[in-house]
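Residue numbers (UniProt numbering), protein chains in the order written: chain A, 1 to 742; chain B, 1 to 340.
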Amino acid sequence: MVKRKVAALEKVDADLVSLQYKIRRDPKSYAQEFYDQWLSYDAQRHIFVSSPSTASTDDVKKFHDLVDIVAHVADLYPNLTAPFPDHLKDLLNQHHAVLHSELREKVVGSLCLLRRKEVIDSTSLLTTLFPILISTPSKTLRSLLYTKIISDLRESNSKATNHRLNRTIQTVLHNLVTSDRTSTKGMWATRITRELWRRQIWTDAKPCDVMKEACLSDNEKVVAGGVRFFLGGDKEREEMEDDSSDDEGIDIKRVKHQGGINKKTKKRMKQFEKAVDKVKRQERKKSAPHPLNFSALHLIHDPQGFAELLFQKHLQNTKCKFTLDNKLLILQLVTRLVGLHKLTIISLYSWFVRFLTPKQAQVTSFLGSLAQATHNLVPPDALEPLVVKIANEFVSEASAAEVAAAGINGIREIAIRQPLCMSETLLQDLVLYQRSKDKGVVMAAKGLQSLYREVYPELLQKKYRGKDATIGLRSGEVKLRKFGEEDTGGIEGIELLEQWKQEQREKKLAEQAAIEAEGGEVKKIDDDEDGFNSDEWEVGSDDSDESDNGWINVSDDEEDGEPAKKRPKQSGEMTDEDKANAIAEANRISVLATTSILTPADLAKLQELVREANIDKAMGGRTSKRKKELIARHIDEGVTAEDIELPATIGKKSTKEEREALAREGKPGRDEHKSTQAIRKSKKEAEGKSSTNKEKARKKNFMMTLGKARAKNKRSLVDTKASLKAHVAKAKQGGRRRNGVA
Amino acid sequence: MGSSNRKKKEKKKDFAKAKLKVGREKAKAANFTDTSFKSKSISINQKSIIAEGVDQVEQFKQNLSLAVAAKSDHARRDALAYLVNQLSARPPNNPVGIAGLLTKLLPLLSDGSPPVRTGLLKLFRVFPPAEVGPHVEKILMYIRGGMTHLSTDVRSDTLNVMEWLLEVAGDDVVSCPGGWLKTLNSFSCMLGWNPSVGSVLVSKGWTSASKTTTIGMGSKNGREVQARQIEVLAKFLQVGFRQETPAPFSPMAYWDNIYRLPARANPFAYLNLFGVPRDEDNEMYPDRISRQRVFEAKWETSMVAGMTGAKKEGGLVGRAASGMEKVLNDEVNGSKSTQA
Numbered sequence: 001m002v003k004r005k006v007a008a009l010e011k012v013d014a015d016l017v018s019l020q021y022k023i024r025r026d027p028k029s030y031a032q033e034f035y036d037q038w039l040s041y042d043a044q045r046h047i048f049v050s051s052p053s054t055a056s057t058d059d060v061k062k063f064h065d066l067v068d069i070v071a072h073v074a075d076l077y078p079n080l081t082a083p084f085p086d087h088l089k090d091l092l093n094q095h096h097a098v099l100h101s102e103l104r105e106k107v108v109g110s111l112c113l114l115r116r117k118e119v120i121d122s123t124s125l126l127t128t129l130f131p132i133l134i135s136t137p138s139k140t141l142r143s144l145l146y147t148k149i150i151s152d153l154r155e156s157n158s159k160a161t162n163h164r165l166n167r168t169i170q171t172v173l174h175n176l177v178t179s180d181r182t183s184t185k186g187m188w189a190t191r192i193t194r195e196l197w198r199r200q201i202w203t204d205a206k207p208c209d210v211m212k213e214a215c216l217s218d219n220e221k222v223v224a225g226g227v228r229f230f231l232g233g234d235k236e237r238e239e240m241e242d243d244s245s246d247d248e249g250i251d252i253k254r255v256k257h258q259g260g261i262n263k264k265t266k267k268r269m270k271q272f273e274k275a276v277d278k279v280k281r282q283e284r285k286k287s288a289p290h291p292l293n294f295s296a297l298h299l300i301h302d303p304q305g306f307a308e309l310l311f312q313k314h315l316q317n318t319k320c321k322f323t324l325d326n327k328l329l330i331l332q333l334v335t336r337l338v339g340l341h342k343l344t345i346i347s348l349y350s351w352f353v354r355f356l357t358p359k360q361a362q363v364t365s366f367l368g369s370l371a372q373a374t375h376n377l378v379p380p381d382a383l384e385p386l387v388v389k390i391a392n393e394f395v396s397e398a399s400a401a402e403v404a405a406a407g408i409n410g411i412r413e414i415a416i417r418q419p420l421c422m423s424e425t426l427l428q429d430l431v432l433y434q435r436s437k438d439k440g441v442v443m444a445a446k447g448l449q450s451l452y453r454e455v456y457p458e459l460l461q462k463k464y465r466g467k468d469a470t471i472g473l474r475s476g477e478v479k480l481r482k483f484g485e486e487d488t489g490g491i492e493g494i495e496l497l498e499q500w501k502q503e504q505r506e507k508k509l510a511e512q513a514a515i516e517a518e519g520g521e522v523k524k525i526d527d528d529e530d531g532f533n534s535d536e537w538e539v540g541s542d543d544s545d546e547s548d549n550g551w552i553n554v555s556d557d558e559e560d561g562e563p564a565k566k567r568p569k570q571s572g573e574m575t576d577e578d579k580a581n582a583i584a585e586a587n588r589i590s591v592l593a594t595t596s597i598l599t600p601a602d603l604a605k606l607q608e609l610v611r612e613a614n615i616d617k618a619m620g621g622r623t624s625k626r627k628k629e630l631i632a633r634h635i636d637e638g639v640t641a642e643d644i645e646l647p648a649t650i651g652k653k654s655t656k657e658e659r660e661a662l663a664r665e666g667k668p669g670r671d672e673h674k675s676t677q678a679i680r681k682s683k684k685e686a687e688g689k690s691s692t693n694k695e696k697a698r699k700k701n702f703m704m705t706l707g708k709a710r711a712k713n714k715r716s717l718v719d720t721k722a723s724l725k726a727h728v729a730k731a732k733q734g735g736r737r738r739n740g741v742a
Numbered sequence: 001m002g003s004s005n006r007k008k009k010e011k012k013k014d015f016a017k018a019k020l021k022v023g024r025e026k027a028k029a030a031n032f033t034d035t036s037f038k039s040k041s042i043s044i045n046q047k048s049i050i051a052e053g054v055d056q057v058e059q060f061k062q063n064l065s066l067a068v069a070a071k072s073d074h075a076r077r078d079a080l081a082y083l084v085n086q087l088s089a090r091p092p093n094n095p096v097g098i099a100g101l102l103t104k105l106l107p108l109l110s111d112g113s114p115p116v117r118t119g120l121l122k123l124f125r126v127f128p129p130a131e132v133g134p135h136v137e138k139i140l141m142y143i144r145g146g147m148t149h150l151s152t153d154v155r156s157d158t159l160n161v162m163e164w165l166l167e168v169a170g171d172d173v174v175s176c177p178g179g180w181l182k183t184l185n186s187f188s189c190m191l192g193w194n195p196s197v198g199s200v201l202v203s204k205g206w207t208s209a210s211k212t213t214t215i216g217m218g219s220k221n222g223r224e225v226q227a228r229q230i231e232v233l234a235k236f237l238q239v240g241f242r243q244e245t246p247a248p249f250s251p252m253a254y255w256d257n258i259y260r261l262p263a264r265a266n267p268f269a270y271l272n273l274f275g276v277p278r279d280e281d282n283e284m285y286p287d288r289i290s291r292q293r294v295f296e297a298k299w300e301t302s303m304v305a306g307m308t309g310a311k312k313e314g315g316l317v318g319r320a321a322s323g324m325e326k327v328l329n330d331e332v333n334g335s336k337s338t339q340a
C-alpha cells in the first residue's frame, strides 16, 4: 500500500501524548481539542460500562489512553472535568474485579494523580481505595493499592501532620479490626499501621489502640501481626531512622566541580541548586531536636486490662488453637507488659508450671518470658514453686550440660528481678554447680553466686560470700531489700547537674574577678542561676560547647582525688552519718528540683552527666558486674531465649559461618567476606584510579627485572660504593618518605 | 621470556585439534552467538490457514475474528470483504447474527486504516435495516466516539456511518437514550459551534476562536469536510424534526397493547427501570415535541450562530449551511403548524 500523505497538523495531533503536551502548554487555546477528547472519553466510558467484562481489547486500550490524558490535564479544566473523579471511583468500586489489569492500574494511578494535583482530597481518595484493598481478590491490585495508600498518607503528612486525615484513617482501621474479629481483613489494618509507625508518621496512642484491638482479635494472623508490632515495631522505627540518617549520598564538592567542567545549562544549574538544597535540609535535620517518640508499649491505654485479656483469651483459654510460635509471641508480649508496667497477674505464674520441663519445645523462650514477667512487686510465694520446679527439672547431675546451664541461668534471670524467690538450701545447692566440668554450667552457677553476693549474701554459705560481701555485711552496707521496698524517688542525677551548675557559676565569677583585676569594664552577670534564659530552651544552643568543658572538669576533679559529690553511697564526704546525710541530700535535691524549671538544655545536660557518671563507674572496676549488665541493657528490651541459652554456648566451637557472621557484624555493605585491603583495591579500580608505583613494582614481570639485577651484579666496586653511600645518606634523611624529618 | 612462552602455548592451542568425548557436548566456538529465544506466544504473519472444505460457519467465524484481530490491514480488509459477500448472498449467510457482528466489529469504526473503515461501512450497508433498530444505542456510542476522534479521516468516515444509520433507523437514532442531545453535542464539537467550551474561555475575560484547529485549517480538503459535517447534521436534524405520522387506526390495538407481546425490544425503556439514573444529556426524547423543546432551549442559538457564520463563507460550506437553514425553517413552520 502506498503510504498515505497526511497534513502536517493532523500528523502532529494524531497522538494523545503530543496533544497532552500542547494542552499543558496552552490550556486556553486547546480547550476545544480537550473538549473533543472529553466527549470521546465519555463515549468510550459508556461503551465500556455497558459491558465491562466483555469489552474488546481495542476498546480497553482506547479507554485507557483517554483516561490517561483526561487525568493529566483535569486540573486545567476544573469545570468540564468535575465529574471525572466520580467516574473513576464508580468504575473502580463497581468493576474492580473484572477490569483489565492495565486499565485498573491506570484508574488507580489517575486517582492518585488527581490527588496530587489537588483535584480531590486525601480522605476521598483513601476512602475509595481502602474498601477495595480489603475486598479485592487480586494480589497485584492489593499491592498497588497498599503502596498508593501508604505513599498518599506519607505525602499528606510530609509538610505538617494532617491530624484530621490521620484520625479518619485510624478510625477506619480501628473499625476494620473491631467489626469482624474472625476475618483476616484486620491484617491490612496491622500492615498499614505498622508501616506508618515505622516511618514515624503515626506516633501517638491511636495506632497503638488499633494494634491493641488487633492483638485481641480471634484471627491468628491478625493477632500475630499486632503482637509482632508491639514486640518489634519500635526497634524497626529506630532502625529506619538510622538508615535514613545514613544516606547522605550527595557530594557537594563533586557536584560543584562537575558544574565547573561540564557545559553550563539550565538543567545542570537546577541540579546543583537541588543538591545544595538537599544538603542544607539534611544539615538542618541533623541539628533539629530529636523527636520525642514514646514506645508503643508505653502508649497502651490500660496495660493491666490489656495484658489480662490477652493472657486469658489466647494463653489460658484451652480452646485457643494457635501455633506454638504465635503463642510464644503472645506470651512474650504479655510478660513484657507485666515486666515493664509492673503489672500483677497472679494466675500467669501458675500457668507457667506446666511448660517448665526440658522436653517442652522452645523451653528457653518460656524461661525468658518467665524472667521478663518477674519484677520486684511479684510475690515471692508465686515464684518460689517455679524456681524449685526449674531446679528440679533442669538442674541435676544427670541432665545435659546445656540444660543445666539454661536452667541455672533462667533462675538467675528471675532472681535478678526478684531476689526473694530463692530458699537458702536451693541456692546453696545451685551454687555448688560451679564445680561442674562443663564451662557453661560453671559460668551460670558463678553468675548466680555473684548476684547473691550483692543482693542477699546471707543466703550463701560463708565461704562463698566473698570479701566485699562479708565486709559489707559487717558494716551494714549490704542490706536486703524487703518485699515491696522502693528507692526513694527523685530525679536521677539531679545532684550532678546542680554540682555542675555550681562549678559553672564559680568559673564565671572567677573570670569576672580576673577582668575586674585587670581593670576592664565590668559586665554584670546574672547571678541568679534560676534566671530565665531563653537560649536554654534550645538543646543545640551555644552553651553546649561550654558545657563540654564543664564535664571534663568534673572528671578531672575526680582523678585528682578530690571527693566529688556524686551518689550518696559512693561519696567519701558523706561517711559521717548515713541518715543525716540522706536527709541533707534530699533537701538539696528538692532545692534545685523545686525552685527551678529544668529547661530542655538542662535535661540534655543531665542525661549527659548521668551517662558519664555511669561510664566512670564502670571503668573504675568497682562497680559490680550485675550493675554493669543493668546499665548495658535498657529496660525496654526484654529477655529473649538467646539470653537464657548464652552460658550453654560458652566453650563451644563455632562453625566457620558463625565466625564469618560475627566478623561481618557492624560492617555493612560487604557482599563477601574479604580483607579491607582487597575491598579498598577493588573500590579504587572501580573508580578508575590507577595503581601506585609500589604496586606496579610488585606486579612487574619477574623476567623484566632480571636485566636490571644482572646489571647490578656487574657494577664496578666504585659504583657499588657510591650507590651504598647514597643509600646510607638517604636513610639518614629518613628515606624517600622523609620519615622523622619535620 | 616467560610470558612469551605462555603466549606461544596459547597460540598453539588454537591449532590443536579439540578432543571429542562421548557423552559430552562439543565445545562451543569462541565466536558462538546464542540465538535461542523464549516466547510466550507465537505470532504468525499470515493469519488465514483456511483449508478447502472447512465448515462454512467456521469459516465465517474465522473471518470475523480476522477482521477484528488481524495485525495487517490487508487481512482485515479482505476478511471484511468476505463478510460482505456472505451477507449479501441470497439468502444471506450470517451464523452469528447482527448483534454478534456488531459487538465484534464496532470498535473498527476508529480503525487506523481507511480501507478497513470503508469496508466496514460497506458491510453495514448490507445489514437488513429492520435488524439494526434494536442496536442503535450501542452503535451511536461508537459513532460519538468516532466523531470526536483525533484523526479527521476517522471523523469523516464515522459521519458516513452516521448517515447510514439515519437512513436505516432514523427514528431510533433520535429517540434512543442520549441519542438526541449527546449526538448534537458531538456534532457541535466537530463543527466548533460549541457554547459550553466558549463559556469556559470567555469567563476569564478572553475571547478566542471557538473553531477547532482540526477542522481542517491545515488539511487540503477542510472545506469539503466541513460542508459534509453540516450536511449530515442537517439530515440528523431533519430526522429529529420529522412530522410523525399518526398510527392508522386498528381495532385490535387496544387488546394488542394489553395481551400481545410487544414487537419492539425493550418497550419500556423510557421508564428506565433498571439502569442508572439519567441526566439531561442521557435522557430519552421519544417524540418530536420534546426534541424541539430541548433543542430550542440548549442548542438553537449556538447552532444558528454557527450556521449563519458558515453561510457567509459561501461555497460548499455556505451551500450546506443554507440546506441546514432550510431544515430549521421547516422545523419552525412545522412546529407552528402543529401548534395551530
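C-beta atoms are modelled at their ideal positions from N, C-alpha and C, and glycine is treated no differently.
Buried or exposed by the 16-neighbour rule on C-beta atoms within 10 Å, applied to residue i
i	result
A:Lys342	exposed
B:Gln243	exposed
A:Lys524	Only weak support is given to the placement of A:Lys524: the predicted model assigns it a pLDDT of 48, under 50, and the value that follows is read from those uncertain coordinates. Exposed, because fewer than 16 other Cβ atoms sit within 10 Å of the Cβ of A:Lys524.
A:Gly572	Because the pLDDT at A:Gly572 is just 43, under 50, the model does not fix this residue reliably, and the value given afterwards should be weighed accordingly. So A:Gly572 ends up on the exposed side.
A:His301	exposed
B:Leu108	buried
B:Asp111	buried
A:Trp197	buried
A:Gly688	exposed
B:Lys38	exposed
A:Lys712	exposed
B:Lys324	Before going further, note that residue 324 of chain B is Met rather than Lys in the sequence given. B:Met324 comes out buried.
Minimum C-alpha distance to residue i - residue among the options
i	options	result
A:Gln200	A:Ala214, A:Val223, A:Met240	A:Met240
A:Ala444	A:Glu402, A:Arg680, A:Glu665, A:Arg354	A:Glu402
A:Leu451	A:Ala678, A:Asp42, A:Asn409, A:Arg115	A:Asn409
B:Ala320	B:Phe60, B:Ile230, B:Lys298, B:Arg278	B:Ile230
A:Leu165	A:Leu125, A:His100, A:Leu144	A:Leu125
B:Lys122	B:Ala79, B:Gly97, B:Arg260	B:Ala79
B:Glu167	B:Asp14, B:Arg24, B:Arg125	B:Arg125
Residue range of the unbroken alpha helix (DSSP H) whose run includes residue i
i	result
A:Thr147	139-156
A:Arg698	693-699
A:Tyr456	Here A:Tyr456 belongs to no alpha helix (DSSP H), and DSSP marks it neither H nor E.
A:Ser179	163-179
CB contact check: residue i to chain D, cutoff 8 Å
i	result
A:Ser101	The chain inventory of the structure shown lacks chain D, comprising the protein chains A and B.
beta-carbon residue i near the ligand ATP non-hydrogen atom, thresh 7 Å
i	result
B:Val174	As for the ligand ATP, it is missing from this structure, which has no ligand bound.
Examine the Cβ distances between the region 185-200 of chain A and the region 146-153 of chain A and report whether three or more of them are shorter than 8 Å. The region 185-200 of chain A is in contact with the region 146-153 of chain A.
Cβ contact check for the region 232-251 of chain B and the region 160-175 of chain B: 3 or more pairs under 8 Å: yes
Three or more beta-carbon pairs under 8 Å between the region 42-59 of chain A and the region 68-82 of chain A, yes or no? no
Taking one C-beta from the region 275-293 of chain B and one from the region 305-315 of chain B each time, how about it: are there three or more such pairs within less than 8 Å? no
Does the structure place the region 466-474 of chain A close enough to the region 422-434 of chain A that three or more beta carbon pairs sit under 8 Å? With a cut-off of 8 Å, the region 466-474 of chain A and the region 422-434 of chain A do not count as touching, because too few Cβ pairs lie within range.
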